[in-house]
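A.B. asks: This is the structure, below, for whatever I ask next.
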Amino acid sequence: MGLGKRRRRGLKKPYPRREDIANAILRVLAKKPHIHPSDLVEEVKVELESLGFYAGLVNAKRVWSIYEECVKSGRMYDYLGVLAEDGLEGLE
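Quick note: the numbering used here has the sequence shown finishing at residue 565, numbered continuously throughout.
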């Protein structure tokens, strides 16, 4: 019986790291450039699962904070236009 538990433990999917989620966001935006912001989190979860990750603990706050980090670091453009308001405040 103990051997069965060891086998199941080996089949667990890995948790995605920040970099994995960032790559999934970029892949989703490349596949669906006109995606609505409300659909992004679910699409990122689907993409992570297709890459072999366990996406059960990935939440909206984590996805959006990584999205914001990528935009602010210059890794990607704000394709969804959700951070545009932040950029306008500095111009006033």
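C-beta atoms are modelled at their ideal positions from N, C-alpha and C, and glycine is treated no differently.
Owing to the predicted nature of the structure, the values given are computational and were not obtained by experimental measurement.
Taking C-alpha atoms, which residue in Ile539, Asp551, Ala528 and Gly547 lies nearest to Pro487?
C.D. replies: The count along the sequence shown starts at 1 and reaches residue 487 at position 14. Of the listed residues, the one whose Cα sits closest to Pro487 is Ala528.
A.B. asks: Please list, in chain order, all residues of the same chain as Lys485 whose beta carbon is under 8 Å from its beta carbon, the five residues on each side excluded.
C.D. replies: Indexing the sequence shown from 1 puts residue 485 at position 12. Excluding positions up to five away in sequence, the list reads Tyr527.
A.B. asks: Take the Cβ of Ala495 as the centre, count every other Cβ of all protein chains shown within 10 Å, and call the residue buried at 16 or more, exposed below.
C.D. replies: Here residue 495 corresponds to residue number 22 of the sequence shown, with the count starting at 1. The residue is buried, with at least 16 neighbouring Cβ atoms inside 10 Å.
A.B. asks: Look at the alpha carbon of Leu521 and the alpha carbon of Pro510, and state the distance between them as a whole number of angstroms.
C.D. replies: Sequence index remark: in the sequence shown, residue 521 carries index 48 (1-based). Sequence index remark: in the sequence shown, residue 510 carries index 37 (1-based). Their Cα atoms are separated by approximately 17 Å.
A.B. asks: Confirm, please, whether the CB-CB distance from Ala497 to Leu530 is below 8 Å.
C.D. replies: In the sequence shown, counting from the first residue as 1, residue 530 sits at position 57. In the sequence shown, counting from the first residue as 1, residue 497 sits at position 24. Not a contact, by the Cβ cut-off of 8 Å.
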